[in-house]
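By my numbering, the letter at position 391 of the sequence shown is numbered 1311, and the numbering carries on one by one without gaps.
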Amino acid sequence: MKKLAILGSTGSIGQSTLSICESFPDRYKVLSLAAGHNLDEAFAQCLRWKPRVVSLATEELAATLTQRLREAGLKSIEVVYGTAGTVRVATLPEVDFVVSAIVGVAGLEATYAAVCAGKTIGLANKECMVAAGELILKAARQHDVALLPIDSEHNAVHQCMRGGKASEVKQVWLTASGGPFRSTALAEFDYITPAQALKHPTWVMGQRITIDSATMMNKGFEIIEACRLFNLPPAKVRVTIHPQSTVHSFVEFIDGSILAQISVTDMRLPILYALAYPDRPAAPQLSFDLAALSQLDFGPPDLIRFPCLRLAYGAAESGPAACIALNAADEIAVAAFLEGRIPFLGIPRTIEEVLAKTSSRVPTSIKDVLAADEAARECARSVIGRGAPSVSA
Ligand code: MG
């Protein structure tokens, strides 16, 4: 029986993880939850899962939840809050496996603490590898901790990597749906509205990741994550546009063989893979209909229409400080786009300007990472505040 902590339990990955726990009650037990701001959902999860510890974003939310749990007769659940609360959830001594699915840098400290506490990590939070990859990987080596990717592409690469040795890998191919603007003309890009950008063709996800898919910055982050998780230079992490999102990624070996991972577009599958690794439990609810293979398209990405990909390759080449700035500036720019303050192409323009102003100082602690992150956010706010940046996309 694996005992789980779920960081980000009310988000889509968290809920899919709980659905796996529901399907495999003999394999997985939920011990602690970090639920953020969603009080009602956190309360419902406490009723259903009776975790030992639950964490919310703020002291006020925690006090309200404590009161509601008391009224419901659940006095034994420990309610904590904030960063210290999330760290408590992630490092509870009895926990073996931590699902890291908090969106944004809020998940960094707790994930790092979990690695240092020797927990196996199911990694769904992108910032962990993009903003703090070197630090987390170093701690994982020191504490002999496995980092199992839950993001569908990296999960696919992890599966395909089992087909050969690391030294036999020629390159990996991350597939990308191309988002809703795959075939939109460049001239129309500046008129793209938030409502149009929020419609993703194949996956239903949170707002930021949906916009990141539309700009292809999501794929850019995945390039950086793949470099770090699989110890590959950026030139060996390629992207192919695959609108059907059926092949989740490929690994190409030096003998000319290419292995692909194919499955339903359902996040429960990579979550179950990570939870059960190295086993593969039977999951008939996730079976794949081969008829879906009748049409599979692949093509090269367009770096002119999707400058975020170019910016991400550049950041991956230039190092940790640029990767932190890339992520932080993107988050601020995406929020500004959703509020109607900058146009769609203002997102890459803002990021490019922030990257140009970023120092190359290498962070040596999570605190350093958070400080560099905040500096890049401040820089992005001032770039946006000054009006539409004019740097070419
Ligand atoms: Mg992905």
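Even glycine gets a Cβ: it sits at the ideal position worked out from N, Cα and C.
Is residue i near the ligand MG, with its Cβ less than 6 Å from a heavy atom?
i	result
residue 1071	yes
Can you tell me where the alpha helix (DSSP H) with residue i in it begins and where it stops?
i	result
residue 1301	1286 to 1305
residue 1236	1227 to 1238
residue 1114	1114 to 1117
residue 1190	1188 to 1196
residue 1131	1127 to 1135
residue 989	979 to 991
residue 1111	Neither: residue 1111 is in no alpha helix (DSSP H) and is coded neither H nor E.
residue 1086	Looking at the DSSP string, residue 1086 is not in any alpha helix (DSSP H), and its letter there is neither H nor E.
residue 1035	1028 to 1036
Please report the straight-line C-alpha distance between residue i and residue j, rounded to a whole angstrom.
i	j	result
residue 1201	residue 1037	27 Å
residue 1097	residue 1235	22 Å
residue 923	residue 1245	35 Å
residue 1027	residue 1020	7 Å
residue 1269	residue 1254	12 Å
residue 1310	residue 1272	Low local confidence applies: a pLDDT of 47 at residue 1310 is under 50, so the model's placement there is unreliable, and no value is given.
residue 1060	residue 1111	44 Å
residue 1022	residue 938	15 Å
residue 1001	residue 953	11 Å
residue 1115	residue 1126	13 Å
residue 945	residue 1281	47 Å
residue 999	residue 962	11 Å
residue 1276	residue 1212	44 Å
residue 1188	residue 1278	38 Å
residue 1177	residue 1237	27 Å
residue 1232	residue 1086	24 Å
residue 1304	residue 1256	8 Å
residue 1198	residue 1003	31 Å
residue 934	residue 1242	29 Å
residue 949	residue 931	19 Å
residue 975	residue 940	21 Å
residue 1058	residue 1148	11 Å
Over the uninterrupted beta strand (DSSP E) stretch that includes residue i, give me the two end residues.
i	result
residue 1011	Where residue 1011 is concerned, there is no enclosing beta strand (DSSP E), although the alpha helix (DSSP H) it sits in stretches over 1002 to 1011.
residue 1168	1167 to 1173
residue 936	Not the beta strand (DSSP E): residue 936 falls in the alpha helix (DSSP H), residues 932 to 943.
residue 1263	Neither: residue 1263 is in no beta strand (DSSP E) and is coded neither H nor E.
residue 1046	First-last for residue 1046: 1046 to 1062, but that is the alpha helix (DSSP H), not the beta strand (DSSP E).
residue 1181	1178 to 1182
residue 1091	1089 to 1096
residue 975	973 to 976
residue 967	Where residue 967 is concerned, there is no enclosing beta strand (DSSP E), although the alpha helix (DSSP H) it sits in stretches over 959 to 969.
residue 1018	1017 to 1020
residue 923	922 to 927
residue 1281	Residue 1281 -> no beta strand (DSSP E), and no H or E assigned at all.
residue 1069	1067 to 1069
residue 1161	1157 to 1161
residue 1042	1040 to 1043
Could you pull out every residue in the same chain whose Cβ sits closer than 6 Å to the Cβ of residue i, ignoring the five residues on either side in sequence?
i	result
residue 957	977
residue 1142	1073 and 1094
residue 1118	1130
residue 1017	922, 924 and 1040
residue 1030	927, 1006, 1007 and 1010
residue 1109	1264 and 1265
residue 1136	1226, 1228 and 1229
residue 1132	1138
residue 1156	1091
Apart from the five residues just before and just after residue i, which ones in its own chain have a Cβ nearer than 8 Å to its Cβ?
i	result
residue 1216	1162, 1164, 1166 and 1167
residue 967	992 and 994
residue 1071	1043, 1044, 1046, 1142, 1145 and 1190
residue 1033	1007, 1010 and 1011
residue 1175	1088
residue 997	966, 970, 971, 972, 973, 974 and 989
With a threshold of 7 Å on Cβ separation, who are the neighbours of residue i within its own chain once the five nearest residues in sequence on each side are excluded?
i	result
residue 1313	Note on residue 1313: pLDDT 43, under 50, position unreliable in the model; the coordinate value appears next. These residues qualify, in order along the chain: 1227, 1265, 1268 and 1269.
residue 1048	1020, 1027, 1028, 1031 and 1056
residue 1051	1025, 1028, 1243, 1244, 1247, 1289 and 1293
residue 1224	1106
residue 1152	1092 and 1146
residue 1195	922, 940, 948, 1017 and 1042
residue 1296	1244, 1245, 1248, 1249, 1274 and 1278
Practice problem: Decide yes or no for the touch test of the segment 1243 to 1262 against the segment 1288 to 1301: beta carbon pairs closer than 8 Å, at least 3 of them. | Solution: The segment 1243 to 1262 is in contact with the segment 1288 to 1301.
Practice problem: Count the CB pairs spanning the segment 1059 to 1067 and the segment 1037 to 1050 that are closer than 8 Å, and state whether there are at least three. | Solution: yes
Quiz item: Are the segment 1255 to 1262 and the segment 1274 to 1290 touching by the rule of at least three beta carbon pairs closer than 8 Å?
Solution: no
Self-check item: Stretch-stretch touch, CB-based, cutoff 8 Å, three pairs: the segment 1171 to 1190 with the segment 1074 to 1094
Solution: yes
Quiz prompt | Given 8 Å, three or more beta-carbon pairs between the segment 983 to 992 and the segment 1002 to 1016 | solution = Taking a contact to require three or more Cβ pairs closer than 8 Å, the segment 983 to 992 and the segment 1002 to 1016 do not qualify as touching.
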